[in-house]
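Right, one structure below, let's go through it.
Protein chains in written order, with UniProt numbering: chain A, 1 to 198; chain B, 1 to 198.
Below you can see the structure in the form of structure tokens.
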């Protein structure tokens, strides 16, 4: 219905996650009226990301170099390795400033329905990192959902026989939330994991 | 928090309408993992749109040529001119296949709060199109909201003294909707505009 290249743009935008046909149209019209330099900046950064960004050869975090900032940082504790599903989980954990160890990005979680088993994740790349006796604790920081739990269970069974300390993030009430609005599983976990009051 | 160019991409995506920080992050991560050819196609079409698309010199519709497809089409009725706010309104009306005349795209609607008066719209470009005696009817198809109504009222006062037939799109109940859910203004308009049953 639209003039050729405008329709092409709407189609391409509609392929992005969370962008439906209406949003794609809205963004396209915005770009049609935007300054050419603004549109060029977006196009340039798209190409730049694909040219520059690769995955850290050690932990598979996103990186602009062969090794990511965290793996290159000598102040990071090499005794603790935090296993996450995705790059965005690294960023979320870094934001807390609670963790000073290093990471390993699996690239997803075990999900048989989606055809993702242990072989599709970067588990074979994880194992050599644990064999040198430097890593003492592995923190499994997968998502607290079905796939994340399955992945954590799988890794626990794999790593514990290696004599490593394997830990998981605490489950419980989110800080700042209302107890009455917590779902029953979360509230149940919060009870099971209750600690002595300080 | 993110590696340089990834943050640049998130920033650029966050500038698009309807894309908040979370969506921008989600789209950026999708693009990080996407095939380079897919990302290049998006970047290319962005540049192509800015290079190729301009506005029709007659009606200010979006066009890849000096005149848009509709203005170039000799089968379109030159006696009827439909005035709309934006390019997307042209597309919406074309989709109905009810209108065989031509268009004039104002580029917005009168909105004093946003600093948009008649001089900011393409009204001075509309006038010469009405002076040659070819156009007999002007259909004011502005949005049925405050700004659209103000624009239509302004244009009616301007055009009627020129001896032109000036019409507006009918207001009333949307087809397929439930009468009980219609807002009172729409229902009031539907009553005021009632017609003899066929």
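The beta carbon of each residue, even a glycine, is placed where N, CA and C say it ideally should be.
List the residues of chain B that residue i touches, going by C-beta distances under 8 angstroms, in chain order.
| i | result |
| --- | --- |
| residue 141(A) | The contacting residues do not exist; residue 141(A) stays about 17 angstroms from chain B at best. |
For residue i, go through chain A and note every residue whose CB falls closer than 9 angstroms to its CB, in chain order.
| i | result |
| --- | --- |
| residue 25(B) | 88 and 91 |
Considering only their Cβ atoms, is the gap separating residue j from residue i smaller than 8 angstroms?
| i | j | result |
| --- | --- | --- |
| residue 131(A) | residue 103(A) | no |
| residue 83(A) | residue 150(A) | no |
| residue 73(B) | residue 101(B) | no |
| residue 159(B) | residue 138(B) | yes |
| residue 5(A) | residue 39(B) | no |
| residue 179(A) | residue 136(A) | no |
| residue 172(B) | residue 152(B) | no |
| residue 79(A) | residue 134(A) | yes |
| residue 147(A) | residue 111(A) | yes |
| residue 18(B) | residue 23(A) | yes |
Pick helix, strand or coil for residue i, following the three-state DSSP scheme.
| i | result |
| --- | --- |
| residue 191(B) | helix |
| residue 82(B) | strand |
| residue 5(B) | helix |
| residue 123(A) | coil |
| residue 171(B) | coil |
| residue 239(B) | Nothing about residue 239(B) can be reported from this structure: the residues present for chain B run from 1 to 198 only. |
| residue 33(B) | helix |
| residue 70(B) | helix |
| residue 110(A) | coil |
| residue 95(A) | helix |
| residue 63(A) | strand |
| residue 138(B) | strand |
| residue 102(A) | strand |
| residue 40(B) | helix |
| residue 53(B) | coil |
| residue 166(B) | strand |
Using the beta-carbon of each residue, which ones in chain A are nearer than 7 angstroms to residue i?
| i | result |
| --- | --- |
| residue 32(B) | 49, 53 and 62 |
| residue 8(B) | 45 |
Thinking residue i and residue j are a contact (beta carbons under 8 angstroms), I'd like their distance in whole angstroms, please.
| i | j | result |
| --- | --- | --- |
| residue 27(B) | residue 13(B) | 5 angstroms |
| residue 207(B) | residue 107(B) | Only positions 1 to 198 of chain B appear in the structure, and residue 207(B) is not among them; the question remains open. |
| residue 85(B) | residue 109(B) | 5 angstroms |
| residue 32(B) | residue 45(A) | About 12 angstroms separates the two Cβ atoms, so there is no contact after all. |
| residue 91(A) | residue 105(A) | 11 angstroms between Cβ atoms; not a contact. |
| residue 87(B) | residue 29(A) | 7 angstroms |
| residue 188(A) | residue 170(A) | Actually they are not in contact, since the Cβ atoms of residue 188(A) and residue 170(A) sit about 14 angstroms apart, beyond 8 angstroms. |
| residue 118(A) | residue 154(A) | 6 angstroms |
Name, please, each residue of chain B whose Cβ falls closer than 7 angstroms to the Cβ of residue i.
| i | result |
| --- | --- |
| residue 154(A) | Under the 7 angstroms cutoff, chain B gives no residues; its nearest Cβ is about 22 angstroms from residue 154(A). |
| residue 17(A) | 26, 27 and 30 |
| residue 5(A) | 45, 48, 49, 52, 53 and 64 |
By the criterion of Cβ-Cβ separation under 8 angstroms, what are the contact partners of residue i in chain A?
| i | result |
| --- | --- |
| residue 29(B) | 86, 87 and 88 |
| residue 66(B) | Those do not exist, as residue 66(B) stays about 13 angstroms from chain A at its closest Cβ, beyond 8 angstroms. |
| residue 14(B) | Ordered by position in chain A, no residue passes the 8 angstroms Cβ test against residue 14(B), which lies about 11 angstroms from the chain. |
| residue 2(B) | 62 and 91 |
Would you please verify whether the beta carbon of residue i is less than 8 angstroms from any beta carbon of chain C?
| i | result |
| --- | --- |
| residue 36(A) | Reference to chain C is not applicable here, since the protein chains of this structure are A and B. |
Mind pulling the chain B residues with CB within less than 9 angstroms of residue i?
| i | result |
| --- | --- |
| residue 39(A) | 46, 47, 49 and 50 |
Cβ of residue i within 7 angstroms of any heavy atom in the ligand GDP?
| i | result |
| --- | --- |
| residue 128(A) | The model depicted lacks the ligand GDP and carries no ligand whatsoever. |
inquiry  = Any C-beta of chain A within less than 9 angstroms: which residues of the segment 41-53 of chain B qualify?
reply    = For the segment 41-53 of chain B, which is checked against every Cβ of chain A, the residues closer than 9 angstroms are 41, 42, 43, 44, 45, 46, 47, 48, 49, 50, 51, 52 and 53.
message = Counting only Cβ-Cβ distances shorter than 8 angstroms, please list the residues of the UniProt domain "Toprim" (79-174) of chain B near chain A, keeping chain order.
response = Residues are counted here when their Cβ sits less than 8 angstroms from a Cβ of chain A; for the UniProt domain "Toprim" (79-174) of chain B these are 86, 87, 88, 91, 94 and 95, given in chain order.
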